[in-house]
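**Q** Heads up: the sequence shown is residues 288 to 859, going by my numbering.
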Amino acid sequence: MLKKRWKINEIENEYLISSLADSLSISDVLAKLLILRNITDFDKAKTFFRPSLDFLYNPFLMDGMEIATYRVIQALTENQLICIYGDYDVDGTCSTALLYLFLKELGANVEFYIPKRLTEGYGISKSAIDYVKDRGTALLISVDCGITAIEEAEYVKELGIDLIICDHHQPKEKIPNALAVLDPLKPNCNYPFKYLSGAGVAFKLAQGVAERIGKRDLPFKYLDLVSLAAAADIVSLVDENRVLVKEGINLINTNPRPGIEALMESSNNKHGSLTSGQIVFTIAPRINAVGRLGDAERAVQLLITDEKDKAFELAKVLESENYQRRKIDEDTFDNALEILENSSEENYGAAIILHQEKWHPGVIGIVASRLVERYYRPTIMLTTVDGVAKGSARSISNFNIYEALKKCEDLLIHFGGHKAAAGLAVELENIDEFKLKFNQIVKESISEEDLSPEIHIDSKLKFSEITPKFLRIIEQFAPFGPGNMRPVFLSEGVEVTNTPRIVGTNHLVMSLKQAGCDRNFDAIGFKMGEYLNMVNNHSSVIDIVYNIDKSERDGRIFTQLKLKDLKIKENN
Numbered sequence: 288m289l290k291k292r293w294k295i296n297e298i299e300n301e302y303l304i305s306s307l308a309d310s311l312s313i314s315d316v317l318a319k320l321l322i323l324r325n326i327t328d329f330d331k332a333k334t335f336f337r338p339s340l341d342f343l344y345n346p347f348l349m350d351g352m353e354i355a356t357y358r359v360i361q362a363l364t365e366n367q368l369i370c371i372y373g374d375y376d377v378d379g380t381c382s383t384a385l386l387y388l389f390l391k392e393l394g395a396n397v398e399f400y401i402p403k404r405l406t407e408g409y410g411i412s413k414s415a416i417d418y419v420k421d422r423g424t425a426l427l428i429s430v431d432c433g434i435t436a437i438e439e440a441e442y443v444k445e446l447g448i449d450l451i452i453c454d455h456h457q458p459k460e461k462i463p464n465a466l467a468v469l470d471p472l473k474p475n476c477n478y479p480f481k482y483l484s485g486a487g488v489a490f491k492l493a494q495g496v497a498e499r500i501g502k503r504d505l506p507f508k509y510l511d512l513v514s515l516a517a518a519a520d521i522v523s524l525v526d527e528n529r530v531l532v533k534e535g536i537n538l539i540n541t542n543p544r545p546g547i548e549a550l551m552e553s554s555n556n557k558h559g560s561l562t563s564g565q566i567v568f569t570i571a572p573r574i575n576a577v578g579r580l581g582d583a584e585r586a587v588q589l590l591i592t593d594e595k596d597k598a599f600e601l602a603k604v605l606e607s608e609n610y611q612r613r614k615i616d617e618d619t620f621d622n623a624l625e626i627l628e629n630s631s632e633e634n635y636g637a638a639i640i641l642h643q644e645k646w647h648p649g650v651i652g653i654v655a656s657r658l659v660e661r662y663y664r665p666t667i668m669l670t671t672v673d674g675v676a677k678g679s680a681r682s683i684s685n686f687n688i689y690e691a692l693k694k695c696e697d698l699l700i701h702f703g704g705h706k707a708a709a710g711l712a713v714e715l716e717n718i719d720e721f722k723l724k725f726n727q728i729v730k731e732s733i734s735e736e737d738l739s740p741e742i743h744i745d746s747k748l749k750f751s752e753i754t755p756k757f758l759r760i761i762e763q764f765a766p767f768g769p770g771n772m773r774p775v776f777l778s779e780g781v782e783v784t785n786t787p788r789i790v791g792t793n794h795l796v797m798s799l800k801q802a803g804c805d806r807n808f809d810a811i812g813f814k815m816g817e818y819l820n821m822v823n824n825h826s827s828v829i830d831i832v833y834n835i836d837k838s839e840r841d842g843r844i845f846t847q848l849k850l851k852d853l854k855i856k857e858n859n
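1. Classify P479 as buried or exposed, calling it buried when 16 or more other Cβ atoms lie within 10 Å of its own Cβ.
2. For L605, which residues in the same chain have their Cβ closer than 8 Å to its Cβ, ignoring the five residues on either side in sequence?
3. Considering just the uninterrupted stretch of the alpha helix (DSSP H) at D511, what are its terminal residues?
4. With three or more C-beta pairs closer than 8 Å as the rule, is the segment 737 to 754 touching the segment 773 to 792?
5. Checking the sheet assignment: what are the DSSP bridge partners for L446?
6. Can you tell which of L758, R806 and A332 has the C-alpha that lies nearest to the C-alpha of D836?
7. By the three-class DSSP mapping on this structure, what secondary structure does S656 have?
8. Touching or not, the segment 809 to 825 and the segment 845 to 855, by the rule of three or more beta carbon pairs under 8 Å?
9. So, helix, strand or coil for V790, using DSSP?
10. Identify which residue in L641, I651, T406 and H456 has its Cα closest to the Cα of L617.
11. DSSP puts E714 in a beta bridge; with which residues?
12. Quick one: what's got a C-beta closer than 7 Å to V567's C-beta in the same chain, skipping five residues either side?
13. Can you name, in chain order, every residue of its own chain whose Cβ lies under 6 Å from the Cβ of L848, other than the five neighbours on each side?
14. Roughly how many angstroms lie between the CA atoms of L861 and R404, to the nearest whole one?
15. For a test of the three-state rule: what should DSSP assign to G433, helix, strand or coil?
16. At the level of alpha carbons, what is the spacing between N859 and I298?
17. Find the nearest neighbour of L505 within the set E741, H647, L492 and T380, judged by alpha-carbon distance.
18. Report back the beta-carbon spacing between C381 and L512 to the nearest angstrom; my notes put them in contact at under 8 Å.
19. Can we say the segment 409 to 421 touches the segment 591 to 598, given the rule of at least three CB pairs closer than 8 Å?
20. In angstroms, rounded to a whole number, what distance separates the CA positions of E441 and C476?
21. What does the Cβ neighbour count give for R422, buried or exposed, with the cut at 16 atoms within 10 Å?
22. Rounded to a whole number of angstroms, what is the C-alpha to C-alpha distance between K333 and N537?
23. To the nearest whole angstrom, what separates the beta carbons of N793 and G816, a pair I think is in contact under 8 Å?
24. Would you mind giving the Cβ-Cβ distance between H455 and V496, rounded to the nearest angstrom? I have them listed as a contact below 8 Å.
25. Counting beta carbon pairs with one atom in the segment 685 to 703 and one in the segment 725 to 734, are three or more of them shorter than 8 Å?
26. Quick one: give me the first and last residue of the beta strand (DSSP E) that V397 is part of.
27. Excluding sequence positions up to five away, which residues of its chain have a Cβ less than 6 Å from the Cβ of K706?
28. Note down the Cα distance separating K291 from G812, rounded to an integer number of angstroms.
29. For F343, which residues from the same chain have a beta carbon less than 8 Å from its beta carbon, with the 5 sequence-adjacent residues on both sides left out?
30. Would you mind listing the alpha helix (DSSP H) stretches within the segment 470 to 513 that are 4+ residues and don't spill past its ends, in chain order?
31. With three or more C-beta pairs closer than 8 Å as the rule, is the segment 438 to 452 touching the segment 353 to 373?
32. With DSSP as the reference, label A467 as helix, strand or coil.
33. Name the two residues that bound the continuous beta strand (DSSP E) containing I831.
34. Just to confirm the assignment: which complete alpha helix (DSSP H) runs, minimum length 4, are found wholly within the segment 753 to 817?
35. State the Cα-Cα distance for the pair I437 and R579, rounded to the nearest angstrom.
36. To the nearest angstrom, how far is the alpha carbon of G770 from that of E534?
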């Protein structure tokens with residue numbers, strides 16, 4: 288098992304903790320959690336606990352918004368054909384559905400196009416541009432892609448089509464020559480929040496159009512799609528994203544559109560209690576599956592339909608595709624493990640770089656993430672598509688994989704992404720040289736300590752402090768995600784009160800108590816079955832690191848500790 292480092296987040300100013308606790312009538316632990324999230328006074332706390340649509344930024348602060356909204360309204364007025372060009376993941380399909388539904392409601396002549404992952408790949412392609420040209424498209428709006436489409440933007444222009452790019456990915460040195468480029472990360476864009484999802488940028492365009500035509504509230508009915516995209520794309524859930532996701536999840540829980548309702552039912556999610564975590568682990572994989580194995584247009588059709596019967600039929604398709612995806616995923620993972628067990632330094636040094644020509648391109652990103660979880664190394668998985676090695680890269684917390692790939696640019700056909708994840712393509716004859724160069728970059732950039740996963744602990748906590756009021760306030764910290772992760776606690780000197788056991792696929796379950804508290808807590812450690820021998824003695828005393836969550840059994844909801852790590856108490 289990987290040995291993890293525990294690091295407690297400290298706040299030097301103890302007076303700030305007690306002062307905030309007093310002003311909000313909460314415990315010092317809760318006050319510390321807020322301060323760690325840069326919430327240091329009553330007003331900031333009010334904004335955090337009561338996010339409102341009134342806090343959203345003016346869309347016209349985004350560079351390019353004036354001309355983009357003007358051009359969309361012109362297309363509406365003149366009944367020109369608009370094509371929404373999306374991507375095959377959750378963010379891309381939700382972005383596409385959002386703008387399609389919004390424009391359709393305004394009476395637009397609008398279609399959408401989703402490239403096929405296996406034959407077209409990511410982003411805008413010339414073949415797709417030819418297709419939309421033949422359809423008579425006058426305005427092409429890309430969503431969740433396009434920021435690196437330099438040649439493609441020129442080609443669109445040559446064909447007499449206007450192009451609006453809505454993206455949230457990191458631009459390269461050159462910006463595409465489009466009519467308008469909406470991307471908060473674009474140089475000289477003064478939009479105050481830089482971490483929108485692709486659907487978030489599409490929503491801002493809808494907001495801008497709606498304000499110009501006097502229908503300001505219309506885009507808010509599509510916040511459910513923004514929340515799905517933002518949670519699934521693991522964007523930072525602070526500031527504007529926090530408002531968008533919280534309001535969107537509320538919309539899903541009170542009035543889900545047919546497609547989302549069907550997805551919730553097929554993934555066994557209880558109506559009215561969907562969380563950002565459930566989106567990530569149950570809803571998102573089903574939407575992604577149809578794009579990984581086939582045509583993601585089916586995901587868009589599911590999201591835009593207003594017919595319940597059609598929604599449930601399409602949800603069955605997504606369920607079937609997800610089942611197939613899991614089988615392929617597992618076979619690929621097992622194959623990768625087998626290679627690594629007999630691997631040389633070039634495959635498994637400071638980084639993991641694997642290439643097999645027959646791996647399914649739709650699952651290698653998932654498998655790369657699983658390998659990072661297991662070995663905690665920057666990982667690249669490559670397969671062969673049309674005589675070229677194409678693949679996915681996933682990173683660890685202290686390593687910017689995008690910048691590392693940039694240093695290998697001379698060996699790559701193309702690449703794109705961000706610090707945590709990227710896509711790339713390399714000529715087959717350059718793979719070995721690329722492996723050596725990338726591994727050398729990793730060796731020079733990170734220390735041995737960086738290759739040991741670190742658990743950041745928000746606060747020590749005694750079981751006696753887990754009161755009903757404490758739990759109610761913790762729930763109000765949601766939605767959880769990057770920038771506002773579910774709080775991590777350390778409880779020391781905890782006793783195991785039953786015989787621990789393994790359930791499901793290697794999950795450790797047990798009951799715990801601590802001196803000074805008359806209540807026992809159930810605990811589960813997902814994929815922590817290897818710890819069983821450490822705690823199988825009733826007299827075991829351990830230190831645990833965990834989140835506090837809720838679970839349901841026999842119709843009863845109860846508090847459950849979700850273990851992240853544990854250690855036998857020293858000097859026990």
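A virtual CB, placed ideally from N, CA and C, is assigned to each residue, including glycine. Keep in mind that this is a model prediction, so the values were computed, not measured.
**A** From the atom records:
1. exposed
2. L550, S553, R573, I574, A576, V577, R585, A586 and L589
3. L510 to A519
4. yes
5. According to DSSP, L446 bridges with nothing at all.
6. L758
7. helix
8. yes
9. strand
10. Sequence inspection shows Glu at residue 617; the Leu mentioned does not correspond to that position. Nearest option by C-alpha distance: I651.
11. V675
12. A518 and A519
13. F808, A810 and Y833
14. For the chain, the structure presents residues 288 to 859; residue 861 sits outside this window and is missing.
15. coil
16. Its pLDDT being 49, under 50, N859 is placed unreliably in this model, and the value from its coordinates should be taken loosely. Approximately 30 Å between the Cα atoms of the pair.
17. L492
18. 4 Å
19. no
20. 22 Å
21. exposed
22. 19 Å
23. 4 Å
24. Going by Cβ atoms, the distance from H455 to V496 rounds to 18 Å, so no, they are not a contact pair.
25. yes
26. N396 to Y400
27. N687 and Y689
28. 15 Å
29. The question names Phe, but residue 343 in the sequence shown is Leu. Excluding sequence neighbours, L343 sits near Q494, E527, V530 and L531.
30. 485 to 499
31. yes
32. strand
33. V828 to R840
34. 755 to 762
35. 26 Å
36. 18 Å
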